[in-house]
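**Q**
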Amino acid sequence: MTDFTEKTQSAYSYPLLIKNLLYSPVVDTPRQEIVYRGEKRFTYEQFRRRVCRLANVLVELGVQPGDTIGVMDWDSHRYLECFFAVPMIGAVLHTVNVKLSPEQVLYTLNHAEDDYIFVNEEFLPLLEQIKARLDMVKGYVVLQDEYRQTETTVPLTGEYETLLAAAPEAHAFADFDENRRATTFYTTGTTGMPKGVFFSHRQLVLHTLATLSALSSAAKQGRFHREDVYMPITPMFHVHAWGFPYIATFTGVKQVYPGKYMPSNVLRLIAQEKVTFSHCVPTILHLLMNDPTFADTDLSAWKVVIGGAALPKALCRAYLRKGVDIFSGYGMSETCPVLSLAQVDEDDLSEEQEIEIRCKTGRAIPLVDLRVVDTDMHDVGGDGRSVGEVVVRSPWLTQAYLKDKRNSELLWQGGYLHTGDVASIDDRAYVSITDRIKDVIKIGGEWISSLELEDVISQHPSVAEVAVVGKADEKWGERPLALVVAKEKVGAKELVRHVQGFTDTGILNKQALLLKVELVDSIDKTSVGKIDKKLLREKYLIP
Ligand code: AMP
Numbered sequence: 275m276t277d278f279t280e281k282t283q284s285a286y287s288y289p290l291l292i293k294n295l296l297y298s299p300v301v302d303t304p305r306q307e308i309v310y311r312g313e314k315r316f317t318y319e320q321f322r323r324r325v326c327r328l329a330n331v332l333v334e335l336g337v338q339p340g341d342t343i344g345v346m347d348w349d350s351h352r353y354l355e356c357f358f359a360v361p362m363i364g365a366v367l368h369t370v371n372v373k374l375s376p377e378q379v380l381y382t383l384n385h386a387e388d389d390y391i392f393v394n395e396e397f398l399p400l401l402e403q404i405k406a407r408l409d410m411v412k413g414y415v416v417l418q419d420e421y422r423q424t425e426t427t428v429p430l431t432g433e434y435e436t437l438l439a440a441a442p443e444a445h446a447f448a449d450f451d452e453n454r455r456a457t458t459f460y461t462t463g464t465t466g467m468p469k470g471v472f473f474s475h476r477q478l479v480l481h482t483l484a485t486l487s488a489l490s491s492a493a494k495q496g497r498f499h500r501e502d503v504y505m506p507i508t509p510m511f512h513v514h515a516w517g518f519p520y521i522a523t524f525t526g527v528k529q530v531y532p533g534k535y536m537p538s539n540v541l542r543l544i545a546q547e548k549v550t551f552s553h554c555v556p557t558i559l560h561l562l563m564n565d566p567t568f569a570d571t572d573l574s575a576w577k578v579v580i581g582g583a584a585l586p587k588a589l590c591r592a593y594l595r596k597g598v599d600i601f602s603g604y605g606m607s608e609t610c611p612v613l614s615l616a617q618v619d620e621d622d623l624s625e626e627q628e629i630e631i632r633c634k635t636g637r638a639i640p641l642v643d644l645r646v647v648d649t650d651m652h653d654v655g656g657d658g659r660s661v662g663e664v665v666v667r668s669p670w671l672t673q674a675y676l677k678d679k680r681n682s683e684l685l686w687q688g689g690y691l692h693t694g695d696v697a698s699i700d701d702r703a704y705v706s707i708t709d710r711i712k713d714v715i716k717i718g719g720e721w722i723s724s725l726e727l728e729d730v731i732s733q734h735p736s737v738a739e740v741a742v743v744g745k746a747d748e749k750w751g752e753r754p755l756a757l758v759v760a761k762e763k764v765g766a767k768e769l770v771r772h773v774q775g776f777t778d779t780g781i782l783n784k785q786a787l788l789l790k791v792e793l794v795d796s797i798d799k800t801s802v803g804k805i806d807k808k809l810l811r812e813k814y815l816i817p
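For the sequence shown, position 439 matches number 713 in our numbering, and the numbering has no gaps at all.
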């Protein structure tokens, strides 16, 4: 019998380590650029040397394999350097969500047991408030765009650029087990304190390869290739900016990091640096549209993956008409994140048919086993109508919540990761999320999708933004309450009439007509820019 594990003594078992993602771009495209805010430019060759310098700084600070380094920064070349150098020396990168409340940031830093914190000077006041209660931190390195003396009570170990400049520019990165933890970060659920998730080198490498294969194999649209210019508009603390900095670096493309997001700056960078590929939540698209420079910015070469929330049809239409190749992606913090992409692979579709596909949740990417199941884990549908929970298996899913056995088992009940998302799946394997399990509104025993209702209301020309929550109702159990930011004066009756157009044609259940409408000035968002249903419920539903 053949022994498939037989291996000659000198054979090298190539481990799937993050350092190996750097191998080909540095060899193939050493002069390609990594740009920060249009102000600083580094070649890949310089980037590699800076990664080595940073590794040497970390070792000099006493960082050991298994230690955790917290990073608090806006999207920058420095962050990208940390994405590589920290895991490459065997340490764990904690991408700290800087938009959480100080108490939540404190909780995450202590819970992840951060040993060092690399902090943009903008967040020093936040650390000043909590530093006395930080249990494990041995030192702080400040990150600045331009060097200057910092007035702070945070005991700084040094400044990033000064430390890098003093460190040797070569580092021999050792091999180690590909299953070693590389990254960790926290996800804010609808209840309780944030929950920690974590990913290994092997998981991040496989996520990079599979997501890239789904993107680069697209024939018609939504394709990412070597001549693209990449810029994230999803924070690097949010699920590794959806893994795209690893994908872009591995592909060796020009990369642009925009710092703190300011719509006019983002639009300026897209135009100046000829950005062709980005990803963001729908809220960012709203912000860009409302910027005075939007109308005059040419976005016709721009491709953008929308995730984190459903892509509303009206928004999709507006961007398609501006020439943008816009389409949905789906995933969550627990899943590294990418699970599916909504790419169009048919010819001769009408605009409405294109929008229909681009706004779906998408088809599972390679190596993702995605099922839609009922409560007994039986597959439902394939008919595009029957709904169930999305459960998944793939090589890159968090294997547990950090130090949280109970929720970890709930997450992985029955050997599949439970997303908590409700979806249908059609005969072409396109998934459409209709709701979060906690978001569905139950009217007289019938479920109605708050997302679908939001999608319909957002198509009314007077509506700028909308969020729908379930309001307790004696008669119906719950009724949908639409919180609407109006572009121009619009009454509740008019919006109900608009919704009726969709109930008459059977697109929405009749229950949608029980809609109540409240006009509001703005809709609260979470730290990662999604509609904050939890806060909206507290604000508008609790008497
Ligand atoms: P997070 O862990 O903050 O990234 O949130 C993940 C959740 O965002 C998912 O479980 C979904 O509920 C939602 N989500 C992400 N992408 C999409 C999408 N394309 N359509 C609808 N909901 C989405």
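Just so it is clear, CB atoms sit at the ideal spot from N, CA and C, and this is done for glycine as well.
Between F358 and I308, how many whole angstroms is the CB-CB distance? I'm expecting something under 8 Å.
**A** Not really, about 11 Å apart at Cβ, beyond 8 Å.
**Q** Rounded to a whole number of angstroms, what is the C-alpha to C-alpha distance between A738 and V758?
**A** 8 Å
**Q** Would you be able to state if there are at least three C-beta pairs under 8 Å between the stretch 314-334 and the stretch 431-443?
**A** yes
**Q** Figure out for me which residue from K528, H512, I521, S490 has the closest Cα to the Cα of V503.
**A** K528
**Q** By Cβ distance below 6 Å, which residues in the same chain neighbour L744 in space, the five residues on each side in sequence not counted?
**A** With the sequence shown as reference, residue 744 is identified as Gly, and Leu is not the correct amino acid for it. I715, E752, listed in sequence order.
**Q** If I'm right that V366 touches R455 with Cβ under 8 Å, what's the distance once you round it to whole angstroms?
**A** 5 Å
**Q** Does the count of Cβ pairs from the stretch 472-483 and the stretch 421-432 closer than 8 Å reach three?
**A** no
**Q** May I ask whether a heavy atom of ligand 1 can be found less than 8 Å away from the beta carbon of I507?
**A** no
**Q** What does a CB cutoff of less than 6 Å around V665 pick up in its chain, not counting 5 residues either side in sequence?
**A** Excluding residues up to 5 positions away in sequence, R645, V647, Y690, H692 lie with their Cβ nearer than 6 Å to the Cβ of V665 in the same chain.
**Q** D709 to V730, Cα distance in whole Å?
**A** Taking the Cα positions, D709 is about 14 Å away from V730.
**Q** Got a sec? Which residues, its chain only, sit under 7 Å from F568 by beta carbon, not counting five neighbours each side?
**A** L541, L562
**Q** What would DSSP say about E628, mapped onto helix, strand or coil?
**A** helix
**Q** Return helix, strand or coil for S706, following the three-state DSSP convention.
**A** strand
**Q** Compare the C-beta of L725 against all C-beta atoms of chain B and say whether one is closer than 9 Å.
**A** This model lacks chain B altogether; it includes just one protein chain.
**Q** Quick one: using the 10 Å Cβ neighbour count with 16 as the cut-off for buried, is T279 buried or exposed?
**A** Flag for T279 reads exposed.
**Q** Measure from the alpha carbon of Y593 to the alpha carbon of each residue in G533, V370, W576, T369, then state which is nearest.
**A** Of the listed residues, the one whose Cα sits closest to Y593 is W576.
**Q** Just checking my contact of M505 with L543 at CB under 8 Å: how many whole Å lie between their CB atoms?
**A** 6 Å
**Q** Below 8 Å, is the gap between the Cβ of R820 and the nearest heavy atom of ligand 1?
**A** The structure shown has nothing for residue 820, since the chain only spans 275 to 817.
**Q** List the endpoints of the continuous beta strand (DSSP E) containing F551.
**A** 551-554
**Q** Taking only heavy atoms of ligand 1 into account, decide whether any of them is closer than 8 Å to the Cβ of V513.
**A** yes
**Q** Would L755 and Y814 qualify as a contact pair, given that the criterion is a beta-carbon distance under 9 Å?
**A** yes
**Q** Are the CB atoms of I707 and A584 within a distance shorter than 9 Å?
**A** yes
**Q** If you follow the beta strand (DSSP E) that H445 is in, where does it begin and where does it stop?
**A** Element bounds for H445: n/a, residue is neither H nor E.
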